[in-house]
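Respectively, the protein sequence lines represent chains R and W.
Okay, so the first sequence: first residue is -17 according to the working numbering, each after it adds one.
Okay, so the second sequence: first residue is 314 according to the working numbering, each after it adds one.
Okay, so here's the structure we're looking at.
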Amino acid sequence: MTQVSVFPTPVLPGLRNLLSRYAESTMWLARYMERIENMARLIEVTGTSVHASNMDAGWDSVIRINADEDTFFLRHKVATERSVVEFYIIDPDNPDSIVSMARCVRENARVLRPLISTEMWMHLNVFTRWAMDLGPDDVGAGYLSTLCTRLKQECQTHFGITEGTLYRDQAWLFYLLGKNLERADQITRLIDIKYHTLLPSGEGVGSDIDLSQWTSVLRSAAAYHAFRRVLPEGMTPANIVGFLLKNDGFPRSLSTSLRCVYSVLGSLAGEYRLRHCGPILERVEELRVTLAEQTVEDIILRGLHEYMDWIQRELRLIQNEIAGAFWPPVALQVAG
Amino acid sequence: MSDMKMAAQAAGLFATYDVPDFFCELLNRKDIPPAGLQQVRDRLARFDLAELRRRAAAVEAQFYRLGITFTVYSDREAIDRVLPFDVIPRVLTAPEWDHVERGVQQRVRAINLFLHDIYHERRILRDGVIPASLVLGNANYCQAMVGIDVPGGVYVHINGTDLVRDRDGRFLVLEDNARTPSGVSYVLEDRQMMLRLMPDLASGLDLRPVDEYGPRLHRALAEVAPAGVDDPQVVLLSPGIYNAAYFEHVFLAREMGIPLVEGRDLVVEDGRVYMCTVAGLQPVHSIYRRLNDDFLDPQVFNPDSLLGVPGLVDAYRRGNVTLANAIGTGVADDKAVYAYMPRIIRYYLDEEPILTNVETHICAEPEGLAYTLANLEHLVVKPVGESGGYGLLIGPHATQAELEDFRGRLRADPANYISQPVISLSVSPTLCPAGVEARHVDLRPFAVTGRDTWVLPGGLSRVALRKGSLVVNSSQGGGAKDTWVLAS
């Protein structure tokens, strides 16, 4: 029997392969927009959940989620609402601030302007100019929630315009890769930090305060109502962690993000016949298997932190392998 | 009824228009305007000034949102500026356009023959039509191009011819732009904006469309690709997102449906050019480069340039890739060579120039220098190497001290200057802070050459927004108008 290709010819004949630089920028555009949305969610939820007790408590976890302890405490003595909010929204020297991320989005959007739809560009043009101009007056306690809502909505507008207008070729797949890798990274960070901040306090477990804190974790991932629908009676930390990690229907869960990454890489390898996808696919599959094979109780028992840490390392390796496969240094391309 | 009287009687918007002593296509022509033009005039006259201002404000906001901007770099930051756009169009009649189109095509033909000649046989130099030193000693003459054959003999694939109209409405060539002329994106974007925001002005008029530019340019670039390539890959090479004209590069890449690449996206292997894609290296055949000669290839030109592609010129010389425009075309749009253009046209084509030059005195020649020094207060003096309206002297607007200072500069380096009489540039009604007033305009038609030459109907009409100013450059207070060419 003759060898027949499993895949038909590329779905979009006539279209040329994407420039490596465009692929890289597309991925980072999606990652930064996703990251801005997550940052806005985190700040908003932290702002509302800490108000009840102490204005400034809880803000340090925002720093830990982003692993910014070193840079933050170089600049500020204590993690107050004001200092954390300024650091993460308007500090131009902090690469994780909204202002800095908006600048990165703008750079990538300018690079991609020949490729993306006019509507996408127009929105990003206006949005990034606005976000880059945010200043101390915009982040006062009274405006914080409004600001975060606007930021979230801008990101969602972007995702909506992109879904509705970006041509479905390789660029779209790299966009999805970036968005889902970022979501996977963000959800594991959130779980890691919140679980360990909220649990070890001992006597608080099961009390009203503890539950409201966990509710806020769900809310920051926009998972509150979905969780209620799936497990109306099961508001326990383990169930919540399990939902965020393993629920296949929830759009921001780790398993959903990994499934999407896997299928996108499959399309790049199959429909577009791009080389080098194999090892990356294997790595993603390995992640999915370990996640599927364990119950959330197993994961917590064996060490949630270690597991989250491992996943984050794997996600970084996946990102690096994608970079090595699709936008290697020119010298390597010539040699290959 | 005479044209003057009609203008004076025009009600509404033009009630306060001070009919100028200059040629004005809309309100002070020296003939009976054709029906289409009268229609535009009547419709405009009925516009309310406040309404026009509202539309103008909407246009500007929309340009800003769309990012149809050029970037100005100050000490610390990059500022995106919208090219000021005047909502009152500049209208050309069908016979006027026919004349301009034929004139531009003729000029492009002559320029290409001239460039081929000076990089090959140099007949024109031997025949003494133009001084050899002026050509061979020109800073833009490129030794690396000597003996190189370019596909179809086309050197200047994209050409911009700057035209003005004098007091009688005669079109005169002010200068040629044969390197990387810019501004065409505004022509297309301005038209789209115009049709969207002033539909009541354009409706029902038979206007020549401008949206063919992208496909035409793409076809021309494919036509001049190296022989034997069936489906050539065309790319646009840009210096990148920090370039002031990046928007235009984006626009043109999109209109042609081709990748916008930077130097770092391209590599040369065994004399062939490739671009780096997610599927590896892919061949490139035709490059519309928006990068000056000096930056194209660090192995041949500026060795410090990071913008270009090492080995590109070698691939070009081997005929494996086409560059548009060719290298070394700057010698054809040099302001000193310009003075000889009428003779160049006659020499190669044996035809009279359809579009005439502005009378030009070459200061490198003793009689030209003497005339210029003696009549400085009546002349415009231009340095031959500069663009963008920098470093020029407008005699009638200069003080005694400025004139004296410039005489010194002329004597010190006469070869660097040409002079021309001040042309009473035509005007066009323009929305100004005080109402609708006359402002001077020029016209840059764009010609695209592959197997033949096609001229985009109309072109970029630049307007000097400052009252009385003759300088239309965007860097110096110029704006743009939509240019309407009536089909009949």
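Ideal Cβ positions, reconstructed from N, Cα and C, are used throughout, including at glycine.
Values in this document were obtained by computation on a predicted structure and should not be read as measured data.
Residue i at chain W interface by Cβ criterion, 8 Å
i: G184/R; result: Bear in mind that a pLDDT of 46 at G184/R, under 50, signals an unreliable position, so the number given afterwards is only what the model happens to contain. Closer than 8 Å: no.
i: A251/R; result: no
i: Q152/R; result: yes
i: V187/R; result: Because V187/R sits at a pLDDT of 46, beneath the cut-off of 50, its placement in the model cannot be relied upon, and the point is left open.
i: M104/R; result: yes
i: A12/R; result: no
i: L129/R; result: no
i: N107/R; result: yes
i: P322/R; result: This structure leaves residue 322/R out entirely; chain R is present only between -17 and 318.
i: S245/R; result: no
i: F308/R; result: yes
i: S82/R; result: no
8 Å Cβ cutoff met for residue i and residue j
i: P742/W; j: F327/W; result: yes
i: T147/R; j: E101/R; result: yes
i: V591/W; j: L256/R; result: yes
i: V735/W; j: V693/W; result: yes
i: P47/R; j: L116/R; result: At residue 47/R the sequence reads Ile, which differs from the Pro that was named. No. Outside cutoff.
i: M104/R; j: L379/W; result: yes
i: V66/R; j: V44/R; result: yes
i: Y651/W; j: T669/W; result: no
i: G276/W; j: D519/W; result: Since the first and last residues shown for chain W are 314 and 801, residue 276/W lies out of range.
i: M290/R; j: D174/R; result: yes
i: T766/W; j: Q418/W; result: yes
i: A793/W; j: D503/W; result: yes
i: V413/W; j: F484/W; result: yes
i: N615/W; j: G584/W; result: no
i: V199/R; j: L172/R; result: yes
i: T493/W; j: R420/W; result: no
i: T7/R; j: C589/W; result: Inspection of the sequence shows that residue 7/R is occupied by Ser rather than by Thr. Result no, Cβ atoms of S7/R and C589/W do not sit closer than 8 Å.
i: V798/W; j: G791/W; result: no
i: I18/R; j: A84/R; result: yes
Any C-beta of chain R under 8 Å from that of residue i
i: T590/W; result: yes
i: R378/W; result: yes
i: L532/W; result: The question names Leu, yet the displayed sequence has Arg at residue 532/W. Answer no: the Cβ-Cβ gap between R532/W and chain R never drops below 8 Å.
i: V537/W; result: no
i: I802/W; result: The structure shown has nothing for residue 802/W, since chain W only spans 314 to 801.
i: Q612/W; result: no
i: R394/W; result: no
i: D578/W; result: yes
i: I736/W; result: no
i: L573/W; result: yes
i: R567/W; result: yes
i: I443/W; result: no
i: I471/W; result: no
i: Q546/W; result: yes
Option nearest residue i by Cα separation, candidates the options
i: L686/W; options: R720/W, G708/W and V671/W; result: R720/W
i: G473/W; options: N490/W, H562/W and R366/W; result: N490/W
i: H598/W; options: Y587/W, H429/W and D606/W; result: Y587/W
i: Y386/W; options: L799/W, P709/W, A558/W and V754/W; result: A558/W
i: L269/R; options: Q195/R, Q294/R, G260/R and W196/R; result: Q294/R
i: P402/W; options: V740/W, K343/W and T762/W; result: V740/W
i: S249/R; options: R85/R, T238/R, F54/R and Q152/R; result: Q152/R
i: P727/W; options: Q713/W, L682/W and D331/W; result: L682/W
i: V768/W; options: I381/W, A533/W and P512/W; result: A533/W
i: E390/W; options: R111/R, R13/R and R57/R; result: R111/R
i: A251/R; options: L11/R, W10/R and A307/R; result: A307/R
i: G40/R; options: T28/R, D50/R and F209/R; result: T28/R
Distance cut-off 7 Å: residue i Cβ against heavy atoms of the ligand GDP
i: T238/R; result: Ligands are entirely absent from the displayed structure, and the ligand GDP is therefore not among its contents.
Quick one: any contact between the segment 440 to 452 of chain W and the segment 654 to 666 of chain W, if contact means 3 or more CB pairs under 8 Å? yes
Touching or not, the segment 463 to 481 of chain W and the segment 632 to 640 of chain W, by the rule of three or more beta carbon pairs under 8 Å? The segment 463 to 481 of chain W is in contact with the segment 632 to 640 of chain W.
Touch check for the segment 496 to 513 of chain W and the segment 396 to 410 of chain W: three-plus C-beta pairs under 8 Å? yes
Inter-stretch contact at 8 Å, needing at least 3 Cβ pairs: the segment 225 to 245 of chain R / the segment 151 to 164 of chain R: yes
Indicate whether the contact test is met: 3 or more Cβ pairs, each with one atom in the segment 14 to 27 of chain R and one in the segment 119 to 137 of chain R, closer than 8 Å. Contact between the segment 14 to 27 of chain R and the segment 119 to 137 of chain R is present, because at least three Cβ pairs lie under 8 Å.
Every unbroken beta strand (DSSP E) inside the segment 414 to 478 of chain W [3 residues or more]: 471 to 478
Looking at C-beta atoms only, is the number of pairs between the segment 338 to 357 of chain W and the segment 400 to 410 of chain W that lie closer than 8 Å three or more? yes
Touching or not, the segment 547 to 557 of chain W and the segment 571 to 585 of chain W, by the rule of three or more beta carbon pairs under 8 Å? yes
Contiguous alpha helix (DSSP H) assignments of at least 4 residues, all confined to the segment 208 to 262 of chain R: 219 to 228 and 236 to 252
Which complete alpha helix (DSSP H) runs does the segment 689 to 748 of chain W hold, if anything under 4 residues is left out? 713 to 725
Quick check for students: name the residue ranges of the alpha helix (DSSP H) that lie wholly in the segment 500 to 588 of chain W, counting only runs of 4 or more. Runs of the alpha helix (DSSP H) inside the segment 500 to 588 of chain W: 512 to 515, 526 to 536 and 559 to 569.
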